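Asks:
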Amino acid sequence: MRLVKLLEPVAERGFKPKRLRVSLRIRYADRGQLESLVRLAEATDAAGDRRVYEILNRTAKAYRIRQVLFTERLQANEQAGEQAWQVSFHLVEHHSNPERVEARRTPVPTATIETTGKPVVEPEPERELTGLEEWLQGVDGLLAPEGG
1 MRLVKLLEPV AERGFKPKRL RVSLRIRYAD RGQLESLVRL AEATDAAGDR RVYEILNRTA
61 KAYRIRQVLF TERLQANEQA GEQAWQVSFH LVEHHSNPER VEARRTPVPT ATIETTGKPV
121 VEPEPERELT GLEEWLQGVD GLLAPEGG
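Residue numbers for the sequence shown follow the UniProt record's numbering, beginning at 1 and rising by one.
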């Protein structure tokens, strides 16, 4: 069985993962291969999520796709004249580079602070001191040193 007869990437807008459309023929005599493919498509991990697979294919490598999940449904249509099934399914990229970049760009949520009902006074933005203010700040430091 040649696993991938047609592998066509389908691009989407934005930071969405790439999709691969796979189409192949499996002879009736090789029924076990179709059964194995169905098991792979239906497999889940311990958490009940679809299983992630490493993909080893030249076309996928050219598109920099390393890990995929089965998506949509697996179809197997009988080709009576050829004694074979025409099988097709879609694979979706798992953790694509654009998704990782977007995750890094997402701002980290800030912690919320409960207030006691007192008004919050915003600190004044720092501004440049004038010459007199700098001199007074120096004198203040001499009269009342920090930490003392």
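Here a beta-carbon is modelled for each residue, glycine too, at the ideal position from N, C-alpha and C. Bear in mind the structure is a predicted one, so any value in this text is a computation, not a measurement.
Give the secondary structure of R27 by DSSP, where H, G and I count as helix, E and B as strand, and everything else as coil.
Replies: Here residue 27 corresponds to residue number 27 of the sequence shown, with the count starting at 1. Reduced to three states, the DSSP call for R27 is strand.
Asks: Going by DSSP, what residue range makes up the alpha helix (DSSP H) through E128?
Replies: Residue mapping note: residue 128 aligns to position 128 of the sequence shown, counting from 1. No alpha helix (DSSP H) contains E128, which DSSP labels as neither H nor E.
Asks: H95 to P17, Cα distance in whole Å?
Replies: Sequence index remark: in the sequence shown, residue 95 carries index 95 (1-based). Sequence index remark: in the sequence shown, residue 17 carries index 17 (1-based). About 7 angstroms.
Asks: Report, in whole angstroms, the separation of the C-beta atoms of E93 and V52, which I expect to be a contact under 8 angstroms.
Replies: What you label residue 93 is simply residue 93 of the sequence shown in a count that begins at 1. What you label residue 52 is simply residue 52 of the sequence shown in a count that begins at 1. In fact, because the Cβ distance is near 10 angstroms, the residues do not count as touching under 8 angstroms.
Asks: Between the Cα of T71 and those of K61, A41, V139, G138, spot the shortest distance and give me the residue it belongs to.
Replies: By 1-based counting over the sequence shown, the position of residue 71 is 71. Among K61, A41, V139, G138, the Cα nearest to that of T71 belongs to A41.
Asks: Between the C-alpha atoms of G48 and E128, what's the straight-line distance to the nearest angstrom?
Replies: Position 48 of the sequence shown holds residue 48. Position 128 of the sequence shown holds residue 128. Answer to the nearest angstrom: the Cα atoms are 59 angstroms apart.
Asks: If you follow the beta strand (DSSP E) that T44 is part of, which residue opens it and which one closes it?
Replies: Stepping through the sequence shown from its first residue, residue 44 is reached at position 44. Neither: T44 is in no beta strand (DSSP E) and is coded neither H nor E.
Asks: Starting from R51, trace the beta strand (DSSP E) in both directions and tell me its first and last residue.
Replies: Sequence index remark: in the sequence shown, residue 51 carries index 51 (1-based). Careful: R51 lies outside any beta strand (DSSP E) and carries neither H nor E.
Asks: What three-state label does DSSP hand Q75 in the structure shown?
Replies: As a working note, residue 75 is residue 75 in the sequence shown. It is a strand residue.
Asks: Cα-Cα, which of R66, A144, L37 is closest to V87?
Replies: On the sequence shown, residue 87 is found 87 positions in, with the first residue counted as 1. The option with the nearest alpha carbon to V87 is L37.
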